[in-house]
Amino acid sequence: DSGVTQTPKHLITATGQRVTLRCSPRSGDLSVYWYQQSLDQGLQFLIQYYNGEERAKGNILERFSAQQFPDLHSELNLSSLELGDSALYFCASSVGVGGPYEQYFGPGTRLTVT
Amino acid sequence: AQSVTQLDSQVPVFEEAPVELRCNYSSSVSVYLFWYVQYPNQGLQLLLKYLSGSTLVKGINGFEAEFNKSQTSFHLRKPSVHISDTAEYFCAVSDWETSGSRLTFGEGTQLTVNP
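As you go down the protein sequences, you meet chains E and R in turn. Positions 10 to 123 (this note's numbering) are the ones given, in order, by the first sequence. Positions 609 to 723 (this note's numbering) are the ones given, in order, by the second sequence.
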């Protein structure tokens, strides 16, 4: 158990819909990362937050957005869903930012868009 | 930009045999290198990491990796594998000086240990 929790574990929804994925980092970790794992794209970095502020952006679509709240949990919002958005979405957390801090991964949320 | 190439998508081996999973990276600056393991229906777990110092890094579950700067490689090895090592293994790089703490992952290597 990494100490990172993600809800829900599974999500099935239809094209065009909007969903919210939730992540709670390990106790004491200030930085949260979101990654997407799909068969065709592999594991890709989406976005990073540190203590409530966006710090880095990767291959995140404009239809996707995220935020980190004062209690440090984070949410990833996916809208206008397409079939290709079906993937496993991981959240990871680390103590800090700007250094080789170990990232601890949650169990993931499996999103299926039908 | 940094990138990672895992040279084998699938590696089948017999139990108690040695194994090497190959990883090459490219980056214009100093990097930190990681190996993660993903068991079925689970998240990623850190096996080991190279930050600096000794080029031979030991990790959990008997795994080790060697950082080779001249060959830009970071191959993962285990002298004797178990059935329980069956999983997908990911090599990752972070050049935090230019790209922050984000990890760039390779495509993964599925290790299957057969009895």
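For every residue, glycine included, the Cβ atom is placed at its ideal position computed from N, Cα and C. Since the structure is predicted, the reported quantities are computational estimates derived from the model, not experimental observations.
### Query
Quick one: does LEU652(R) have its CB under 7 angstroms from some CB of chain E?
yes
### Query
Rounded to a whole number of angstroms, what is the C-alpha to C-alpha distance between GLY105(E) and GLU62(E)?
Their backbone Cα atoms lie some 13 angstroms apart in a straight line.
### Message
Using a 10 Å radius around the Cβ and a threshold of 16 neighbouring Cβ atoms, would you call PRO109(E) buried or exposed?
### Response
buried
### Proximity test, Cβ basis, 7 angstroms: VAL106(E) and chain R
yes
### Query
When every heavy atom of the ligand NAD is checked, does at least one fall within less than 6 angstroms of the C-beta of LEU81(E)?
Only the bare structure without any ligand can be found here, which leaves the ligand NAD out of the picture.
### Within chain E, partners of LEU664(R) - CB distance below 9 angstroms
By Cβ distance, chain E contributes nothing, its closest Cβ being about 18 angstroms from LEU664(R), past 9 angstroms.
### Query
What runs of the beta strand (DSSP E), each 3 residues or longer, lie entirely inside the stretch 82-119 of chain E?
Secondary structure in the stretch 82-119 of chain E: the beta strand (DSSP E) runs of 3 residues or longer, each lying completely within the stretch, are 83-87 and 96-103 in chain order.
### Task
Under 6 angstroms Cβ to Cβ from GLN614(R), same chain only, skipping five residues before and after it: list those, please.
CYS631, CYS699, GLY714, GLU715 and THR717
### Query
I think ASP703(R) touches SER611(R), with their Cβ atoms under 8 angstroms apart; what is that distance to the nearest whole Å?
Not really, about 11 angstroms apart at Cβ, beyond 8 angstroms.
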